[in-house]
Structure formats: C-alpha cells, structure tokens
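To convert, note that position 182 of the sequence shown is 182 in full-length UniProt numbering; the numbers rise steadily by one, no gaps. Where is the CB? At the ideal position from N, CA and C, for every residue including glycine. Computed from a prediction, not measured in an experiment: that's the story for all the values here.
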Amino acid sequence: MSLFCRLLRGAFVYERRTGTRSFCCGSPLLDQGRRDSAGPASPVNLTYDVFDGKGTDPPLVFLHGLFGSKSNFHSIAKSLVQRTGRKVLTIDARNHGNSTHSPMLTYEAMTNDLQHLLGQLHITKCVLIGHSMGGKVAMTTALTQSDLVERLVVVDISPARTVTRTNFHNYIQAMKGVKISSDLPRSTARRLAEDQLRELVKERSVRQFLLTNLVEQNGHYAWRVNLEAISNHMENILSFPEFNTTYHGPTLFLGGTNSAYISSEDYPEIQRLFPAAEIQYIPDASHWIHADKPLDFISSLITFLQS
C-alpha cells in the first residue's frame, strides 16, 4: 500500500459545543461529572472540533473508541482537509472528553446524541468513520438512519460481540485506584499516575493512552471519562444491537493485521448487514490503526472516498 507524504499542517480547528459540562471534583481522581437522568432517548450535549475545508462534498465525521476523545483524530483530520478539501468533524462521545456525563452508555443513546448534533449543525449527509466503540455507533447510525450516511468506514471492529484479550475491567479498576496529591505539577502527577497504573495495565502504550484522560480541574486531578457509567455498561459496549435492516451504501471495514477485532467468523454478519462492504487489513497495525500506521490509514480512506 502506497504511503502519503508526511501529515500536512496548517488546517485550523475550532472547538464548538452544543452545551457545556462543569467538572466537579470533590477529591483527587473522583469522577463526579454532571449526570443526565432523562433516559436513553434524550440526547446529551457533545463537544466537537471542526476542521474547515473548502469543498462542498459531505463532511467526514470521526467517532473515537472507548477511553478516547476527539483529539485522537486531530492530525488525521488536518491531513484529510488538505488532501480532500472536505470539512472534518471530530466528536467527543458522551462520558468522554469534554462531553456531558450521563449514567446511560448504550449504542442507542450514543447514536441519538450523534443524530441530534448533526441535526443542530444542519448536516444532512456525511461520511461516518468510527473506531472500535465509535465504529459500533457509526454502524448503528447507518442501519437506523441510512439517508444520513453517504459512506461508512468501520475501523477495527465488527457488528458482533467484541471478544478480545483486552481487559477493560482491569483498566477501570486501575484508574479508580490512582491517588494523586492536588499540589503536584502536571508532569509529576502524570508520572505518578502511570506508576500506579502499571500493576494492572502492563502495556506502556495503553497506559499512555489512558493518561490522556487525566486532567486538572479546580485544583484537583481527575479522570475526565465517566468510569462509573463505563463500568456499568461494559456488557452493552462489548455487544452490538440486533438488526434486521441493512445499509446498502459503500462501506469499508478496515482492520489491523496484528489485531483480532475483525475475524473471518465476522464476515457473514458483515455481509448480511452491509452487503456493499469491503474488508481490508493494514499490515503491522494493532487495534489503534490510525496511531500505528497513520499514512496507510489516510491512504486507505482517500482511496475509499475516491472509489
């Protein structure tokens, strides 16, 4: 697969919000973000970044995975604006990044949030690109609101129950157990937090990824992700809703050869729900394809957009 030149710089970004979330911390690393009690049918406010392109084609909308945020795709978004001219949005899911916290974390709820945001932005058609949990949100949206999705890209996940060696429960347990004094500089606090994560989170790359959620707010360090909601809905996150509908638009499933998240056992269900699907793998990429092989990832996206 050919490589693109180095990621281009120069696109500028705006952070927009459909609402704000206050981050209240009663003690270090205690997740006490604002909660929504209106139920799964009520969308919550999502934060998002816009990378403006001059093209008129439908925008590209990126949805991150579990424990991720909209910033995971910033360098990718900047390059795609330069290469395609399309506007690009990266979005924080509920209970992630700077978006509103809610006790509910299901694919129905996350899909409602996305549809509500796109409606507020007057986006009637887009290219949905979702990684892992975000890929399941993207698939759910395509299967329930197909007119909204011009094309679909599902990154290293399938429409089946996620069976993986990754121990998300250990991650949550480790994050909940971190204790950091409030009077430390951020660099020291981050180093101490990583030391405390090390026992249950063996991979350094995963620890570094989780630490992107460590924030300082009102004089205390805290996790910006809603650990309680994630823990309570882990079964929902690992599963996928049952559908009798199909999405007939162009679809790309993009996996990493070093990842087990898309297996041959998933192919029949992929073909049933997404009859126009193409399945590709990027060599030497793990579950985080866009981080491991960003140039190959961008190349695959642009080829798919032009096909």
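- With respect to L273, P103 sits apart: the two C-beta atoms are not nearer than 8 Å.
- Residue range 133–144 is occupied by the alpha helix (DSSP H) that includes T140, with no beta strand (DSSP E) assigned at that position.
- For F209, the enclosing alpha helix (DSSP H) stretches over residues 204–211.
- Distance from the CA atom of L152 to the CA atom of S181, rounded to whole angstroms, is 44 Å.
- If you look at I91, you'll find it in the beta strand (DSSP E) that goes 88–91.
- The Cβ-Cβ distance between A109 and L63 does not fall below 8 Å.
- Judged by their CB atoms, D49 and T90 are nearer to each other than the 8 Å cut-off.
- Q173 is not bridged by DSSP to any residue.
- Taking all protein chains in view, the Cβ of V44 is crowded by 16 or more other Cβ atoms within 10 Å, so the residue is classified as buried.
- For G255, the number of other beta carbons within 10 angstroms of its own is at least 16, and it is reported as buried.
- Around the C-beta of D147, fewer than 16 other C-beta atoms lie within 10 Å, and the residue is accordingly described as exposed.
- Here Y48 carries a strand assignment [DSSP, helix/strand/coil].
- Between E150 and P275, the gap from beta carbon to beta carbon reaches 8 Å or more.
- When the beta-carbon positions are compared, V137 and T111 come within less than 8 Å of each other.
- Assignment of H64 by DSSP, reduced to helix, strand and coil, places it in the coil class.
- C-alpha of P185 to C-alpha of L192: approximately 11 Å in a straight line.
- With the rule of 3 Cβ pairs closer than 8 Å, the stretch 70–83 counts as touching the stretch 290–297.
- Taking a 10 Å sphere around the C-beta of G85, we find fewer than 16 other C-beta atoms and assign the residue as exposed.
- For the set K87, L143, A142, N236, the Cα lying nearest the Cα of F51 is the one of K87.
- About 28 Å separates the CB atoms of I262 and I123; that is not less than 8 Å, and the two are not in contact.
- Taking all protein chains shown into account, R224 has 16 or more neighbouring C-beta atoms within 10 Å of its C-beta and is therefore buried.
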